Amino acid sequence: MRFGPGTVERCVGLCNICHFGCLTTGVVVKPWQFLTNGLMDWPNFGDHKETDYASKEAGGAIISIPETEPLPINQSISLFYLFSRQLVSQPDNILEKSNTPGNCFAFCGSSGRIRIKLSKKVKIVAVTLDHAPFALLDDLSHAPRDFAVYGLKLENSDARSSLGKFQYKLEGMHVQTFVVNPDLIFPYEFVELEILNNHGNENLTCVYRFRGLSSVDDDDPVLLGTFEYKINEDHIQTFLIDPVQISSFEYIELRIKNNQGNEHYTCLYRFRVHASRLPIKN
Numbered sequence: 001m002r003f004g005p006g007t008v009e010r011c012v013g014l015c016n017i018c019h020f021g022c023l024t025t026g027v028v029v030k031p032w033q034f035l036t037n038g039l040m041d042w043p044n045f046g047d048h049k050e051t052d053y054a055s056k057e058a059g060g061a062i063i064s065i066p067e068t069e070p071l072p073i074n075q076s077i078s079l080f081y082l083f084s085r086q087l088v089s090q091p092d093n094i095l096e097k098s099n100t101p102g103n104c105f106a107f108c109g110s111s112g113r114i115r116i117k118l119s120k121k122v123k124i125v126a127v128t129l130d131h132a133p134f135a136l137l138d139d140l141s142h143a144p145r146d147f148a149v150y151g152l153k154l155e156n157s158d159a160r161s162s163l164g165k166f167q168y169k170l171e172g173m174h175v176q177t178f179v180v181n182p183d184l185i186f187p188y189e190f191v192e193l194e195i196l197n198n199h200g201n202e203n204l205t206c207v208y209r210f211r212g213l214s215s216v217d218d219d220d221p222v223l224l225g226t227f228e229y230k231i232n233e234d235h236i237q238t239f240l241i242d243p244v245q246i247s248s249f250e251y252i253e254l255r256i257k258n259n260q261g262n263e264h265y266t267c268l269y270r271f272r273v274h275a276s277r278l279p280i281k282n
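In the UniProt record's numbering, the protein residues as written are 1 to 282.
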């Protein structure tokens, strides 16, 4: 489906993409307890230990977007005014944490396909689809509705193994998790997200974030997040962990990726970990 200038102009507010600066610190943890009661809805999701192997932060990447046309955005680049190139919405957005309004992958029409390389070969036990918080948007018709997820043995393979078909509902929370049927769980390194339709918008669809969740091995480190300590702010800075990554751990590891420019040494004054107490078992 093609779009006239009016259509693209109406979508400008949804398709502006913000990019943030580099991150300078990281925390990796080693799990000691795996809670196995299955996944629950978003408010209680932090009670379980599933890791997002599709996230860019963990090493996930977009392979391709077959038969899918990214929506143009209201920006362009030029080289010495010799030529100009229209920018388009980027599919990489669905592998990042931000779900602020507009920071999505917007594509033309009501259906599309996105192929993703996971950070490693894992058994996907659940998938999560995010949208921007509903209260911040006047129009939700561009949100995905019915979608399917497939496992791929090869990144360019035409053969797809279904992990299930699901429905994203506007009556629920803006972050919704869907459990894969145990009979369909097999290890894959590549997956495909296919948006079958949306909530009524024939012109465009916006996907904010997709997560491929899998249980972790006891010896497999879990990335809690990457953060940046800013020297132009207060000397004590606290960083929140993504609720999806919150679980129970006995040991953690702090990795300093770089400093503020000194190549010879780095000074670390204090590191604190804030947590909720686990219930005491009799």
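A virtual CB, placed ideally from N, CA and C, is assigned to each residue, including glycine. Quick caveat: nothing in here was measured; it's all calculated off a predicted structure.
Query, Result
"How would you label residue 115, buried or exposed, when you count the other beta carbons within 10 angstroms and need 16 or more for buried?", "buried"
"Based on DSSP bridge pairs, tell me the residues matched to residue 52.", "213"
"Can you give me the C-alpha to C-alpha distance between residue 50 and residue 180, rounded to a whole angstrom?", "13 Å"
"What number of angstroms, rounded off, separates the C-alpha of residue 268 from the C-alpha of residue 121?", "36 Å"
"How many angstroms separate the CA atom of residue 222 from the CA atom of residue 215?", "10 Å"
"Would residue 59 and residue 119 qualify as a contact pair, given that the criterion is a beta-carbon distance under 7 Å?", "yes"
"To the nearest angstrom, report how far apart residue 206 and residue 88 are at their CA atoms.", "13 Å"
"Please confirm whether residue 149 and residue 193 have their CB atoms less than 7 Å apart.", "yes"
"With contact counted as at least three CB pairs below 8 Å, one residue from each stretch, are the stretch 154-173 and the stretch 223-235 in contact?", "no"
"Whose C-beta lies closer than 8 Å to the C-beta of residue 210 among residues of the same chain, with five residues either side of it excluded?", "54, 94, 95, 114, 116, 127, 128, 129, 130 and 193"
"Take the Cβ of residue 139 as the centre, count every other Cβ of all protein chains shown within 10 Å, and call the residue buried at 16 or more, exposed below.", "exposed"
"Which of the three DSSP states is assigned to residue 135 in this structure?", "helix"
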